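Undergrad: Residue numbers (our numbering): 14 to 175.
Using N, Cα and C, we set each Cβ at its ideal position, and we do this for glycine too.
The structure presented is a predicted model; accordingly, all values stated were derived computationally and were not measured.
#1: Does the beta-carbon distance from residue 88 to residue 30 come in below 8 Å?
#2: Please list the terminal residues of the continuous alpha helix (DSSP H) segment that includes residue 36.
#3: Less than 8 Å between the C-beta atoms of residue 140 and residue 92, yes or no?
#4: What number of angstroms, rounded off, separates the C-alpha of residue 16 from the C-alpha of residue 68?
#5: Between 96, 131, 164 and 84, which has its C-alpha nearest residue 107's C-alpha?
#6: Please classify residue 44 as buried or exposed, where buried requires at least 16 neighbouring CB atoms within 10 angstroms.
#7: What three-state label does DSSP hand residue 156 in the structure shown?
#8: Using a 10 Å radius around the Cβ and a threshold of 16 neighbouring Cβ atoms, would you call residue 127 buried or exposed?
#9: Which residue comes first and which comes last in the alpha helix (DSSP H) that contains residue 75?
#10: What are the partner residues of residue 62, as DSSP defines its beta bridges?
#11: Counting C-beta neighbours from all protein chains within 10 Å, is the total for residue 25 16 or more, i.e. buried, or is it exposed?
#12: Check the C-beta distance from residue 37 over to residue 147 and give it rounded, since I have them as a contact under 8 Å.
#13: DSSP state of residue 109, grouped into three classes?
#14: Between the alpha carbons of residue 162 and residue 137, how many angstroms are there, rounded?
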């Protein structure tokens with residue numbers, strides 16, 4: 014819960030620096046738990062809207078944590094020495110391929126299923142690559158995005174020494 018609060022309240026829109034794996038994955042865990050709980054609450058209170066039965070509370074929550082989730086993702090990429098703009102390329106390609114898949118199915122442009130399978134596999138491949146990047150251990154040294162967040166803090170070593 015500490016990492017979730019750190020991401021949402023202390024680093025709401027901080028795209029600078031580096032985020033440890035634990036910071037990223039604990040944020041993802043608690044974000045999923047809160048979203049799941051709000052979905053259940055929306056269903057119990059009958060607060061769905063639209064054709065997808067989206068809930069009001071979950072939608073408001075998702076909009077509120079969109080910027081922090083984007084920021085922690087960028088900082089996570091910084092930790093492995095990658096630019097945060099890589100996220101735009103990855104998400105852009107997923108959205109582009111999904112749009113092609115949807116438009117092609119609506120317009121019946123893909124009469125054969127191999128095209129659909131290829132697009133679906135490309136989307137899955139890009140998502141797996143991003144997952145691998147997020148699971149990769151960060152650089153053990155200071156990179157161009159900042160110092161190693163797991164590095165031993167020299168200030169602590171000086172406590173009690175005068």
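TA: Quick look at the numbers:
#1: Within the chain shown, numbered from 1, the residue matching residue 88 stands at position 75. Within the chain shown, numbered from 1, the residue matching residue 30 stands at position 17. With respect to the 8 Å criterion, residue 88 and residue 30 are classified as neighbours on the basis of their beta carbons.
#2: On the chain shown, residue 36 is found 23 positions in, with the first residue counted as 1. Per DSSP, the unbroken alpha helix (DSSP H) holding residue 36 starts and ends at 34-58.
#3: Mapped onto the chain shown, residue 140 falls at position 127. Mapped onto the chain shown, residue 92 falls at position 79. Not closer than 8 Å, so no.
#4: Sequence index remark: in the chain shown, residue 16 carries index 3 (1-based). Sequence index remark: in the chain shown, residue 68 carries index 55 (1-based). When only Cα atoms are considered, residue 16 and residue 68 end up about 26 Å apart.
#5: The count along the chain shown starts at 1 and reaches residue 107 at position 94. Of the candidates 96, 131, 164 and 84, the residue whose Cα lies closest to the Cα of residue 107 is 131.
#6: The residue you call residue 44 lines up with position 31 of the chain shown. With 16 or more Cβ atoms within 10 Å of its Cβ, residue 44 is classed as buried.
#7: Within the chain shown, numbered from 1, the residue matching residue 156 stands at position 143. Strand.
#8: Looking up residue 127 in the chain shown gives position 114. Exposed.
#9: Taking the first residue of the chain shown as position 1, residue 75 is located at position 62. Residues 69-77.
#10: For the purposes of this step, residue 62 is taken as residue 49 along the chain shown, with counting starting at 1. Paired residues: 67.
#11: Taking the first residue of the chain shown as position 1, residue 25 is located at position 12. Result: exposed.
#12: Counting from one through the chain shown, the residue named residue 37 turns up at place 24. Counting from one through the chain shown, the residue named residue 147 turns up at place 134. So it is a contact: roughly 6 Å between Cβ atoms.
#13: Translated into the one-based positions of the chain shown, residue 109 becomes position 96. Helix, per DSSP.
#14: One-based indexing of the chain shown puts residue 162 at position 149. One-based indexing of the chain shown puts residue 137 at position 124. The straight-line gap from Cα to Cα measures roughly 31 Å.
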